[in-house]
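Notes follow once the structure below has been shown.
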Amino acid sequence: MIEGQQLSAGQFAQLMRIDRHELNRYDELGLFKPASRDKNGRRSYDIDQINQWLSLRTTVKLENDLNQTKATLQSSQNDHVAMLKYQQQLIESQLNQLSAAHRQIAQEITNQETARQAMPEVVTVVDRAPVNLLTTEVSEEVPVTGQQVQQQVNHVLSTLKTPPVNLVIGRVHPRHAIEAGAAIQVSALYTPLIPDSKVKADMTQPGGRVVITYHHLDQPLIEGFNHLREYAAKQHLTLGANYFEEPMIDSWQTTDPAQQVVRLSAEVKGVMA
Numbered sequence: 000m001i002e003g004q005q006l007s008a009g010q011f012a013q014l015m016r017i018d019r020h021e022l023n024r025y026d027e028l029g030l031f032k033p034a035s036r037d038k039n040g041r042r043s044y045d046i047d048q049i050n051q052w053l054s055l056r057t058t059v060k061l062e063n064d065l066n067q068t069k070a071t072l073q074s075s076q077n078d079h080v081a082m083l084k085y086q087q088q089l090i091e092s093q094l095n096q097l098s099a100a101h102r103q104i105a106q107e108i109t110n111q112e113t114a115r116q117a118m119p120e121v122v123t124v125v126d127r128a129p130v131n132l133l134t135t136e137v138s139e140e141v142p143v144t145g146q147q148v149q150q151q152v153n154h155v156l157s158t159l160k161t162p163p164v165n166l167v168i169g170r171v172h173p174r175h176a177i178e179a180g181a182a183i184q185v186s187a188l189y190t191p192l193i194p195d196s197k198v199k200a201d202m203t204q205p206g207g208r209v210v211i212t213y214h215h216l217d218q219p220l221i222e223g224f225n226h227l228r229e230y231a232a233k234q235h236l237t238l239g240a241n242y243f244e245e246p247m248i249d250s251w252q253t254t255d256p257a258q259q260v261v262r263l264s265a266e267v268k269g270v271m272a
């Protein structure tokens, strides 16, 4: 760089292809100060501040938290290597977030395509890995309320560092309620965590052999659960203590109940003698 050559704020902004108001804002925040300021407040920037500006812009784009950026700059004391390492950490964090988002989107595509292609009410047995869940317990005595759904949303968003691409809220139905024909009774709301998530789960949906059916919501929910029970009885299977209802094609995706699909499932505990 050519030392000693100074530019006005407007010239520096033009050289960097930025809006001068952005330069003003960063000056006001103490993030990027001019080389000099005269008694009338006019600022001058050294041409060798270009890389300092570029480094700052890179950090801001990666972090989106100006207060944290300012604290990092102050703690680094203009240590360029320290800032590079900090930027590297931010990039690695974003790569991890992108990787998680990629897995979520891939899973959502699979779920959508499977739900659209599956024969409704046909029961199958699949082998599935356990699924970790974030849950909110609810009273079985009353129907699920909007407030309880909000509690689950708050629980998920406050627990996950990065918001999910698609926030699924499923329902856990106790077996005794389904056997009594009371599909409205729910013991918990749940949101599946992505595989390999480091987040501590509240509950685990059992893996191994699972009975599954895809149910369209223009028909009573209990009919879908009854298909699971009837299939299990014919195959002499004992089902687990909980039945799971998970939306695949939700009301925000289609207003037609005949096109809205939930996946109903239950763990196969064993075979009746």
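Residue numbers (numbering that gives the first Met the number 0): 0 to 272.
In this text, a Cβ means the ideal position worked out from N, Cα and C, and glycines have one as well.
Could you tell me the boundaries of the beta strand (DSSP E) in which A265 lies? Numbered from 1 along the sequence shown, position 266 holds the residue referred to as residue 265. In this chain, the beta strand (DSSP E) harbouring A265 covers V260 to V270.
Is the beta carbon of Y213 less than 7 Å from the beta carbon of A114? For the purposes of this step, residue 213 is taken as residue 214 along the sequence shown, with counting starting at 1. For the purposes of this step, residue 114 is taken as residue 115 along the sequence shown, with counting starting at 1. Cβ atoms of Y213 and A114: closer than 7 Å.
With DSSP as the reference, please indicate the residues paired to P191 in a beta bridge. Working through the sequence shown from its first residue, we reach residue 191 at position 192. L132, per the DSSP bridge assignment.
Supposed contact pair V167 and T190 - C-beta distance, whole angstroms, cut 8 Å: Numbered from 1 along the sequence shown, position 191 holds the residue referred to as residue 190. Numbered from 1 along the sequence shown, position 168 holds the residue referred to as residue 167. About 6 Å separates the two Cβ atoms, so the contact holds.
How many angstroms separate the CA atom of S264 from the CA atom of P246? Numbered from its first residue, the sequence shown carries residue 264 at position 265. Numbered from its first residue, the sequence shown carries residue 246 at position 247. Whole-angstrom Cα-Cα distance: 12 Å.
Could you compute how far the alpha carbon of E140 sits from the alpha carbon of F243? Mapped onto the sequence shown, residue 140 falls at position 141. Mapped onto the sequence shown, residue 243 falls at position 244. Their Cα atoms are separated by approximately 18 Å.
On the premise that Y230 lies in contact with V261, defined as a C-beta separation below 8 Å, what is that separation, rounded to the nearest angstrom? On the sequence shown, residue 261 is found 262 positions in, with the first residue counted as 1. On the sequence shown, residue 230 is found 231 positions in, with the first residue counted as 1. Distance from V261 to Y230 at the Cβ level is roughly 17 Å; contact not present, criterion being Cβ atoms closer than 8 Å.
If we count Cβ pairs, one from each stretch, closer than 8 Å, do we get three or more for the region 5–18 versus the region 35–45? The region 5–18 is in contact with the region 35–45.
Going along the chain, which residues of its own chain have a beta-carbon closer than 8 Å to the beta-carbon of N23, five neighbours each way excluded? Sequence index remark: in the sequence shown, residue 23 carries index 24 (1-based). Hits under 8 Å: A8.
Considering only their Cβ atoms, is the gap separating H154 from L132 smaller than 7 Å? For this step, residue 132 is matched to residue 133 along the sequence shown. For this step, residue 154 is matched to residue 155 along the sequence shown. Cβ distance not < 7 Å, so L132 and H154 don't count as in contact.
Check whether the Cβ atoms of R170 and V185 sit closer than 7 Å, and answer yes or no. Translated into the one-based positions of the sequence shown, residue 170 becomes position 171. Translated into the one-based positions of the sequence shown, residue 185 becomes position 186. The answer is yes: Cβ separation under 7 Å.
Pick helix, strand or coil for R208, following the three-state DSSP scheme. Mapped onto the sequence shown, residue 208 falls at position 209. DSSP places R208 in the strand class (E or B) of the three-state scheme.
Would you kindly work out how many angstroms separate the C-alpha atoms of D18 and Q116, rounded to a whole number? Taking the first residue of the sequence shown as position 1, residue 18 is located at position 19. Taking the first residue of the sequence shown as position 1, residue 116 is located at position 117. One C-alpha to the other measures close to 51 Å.
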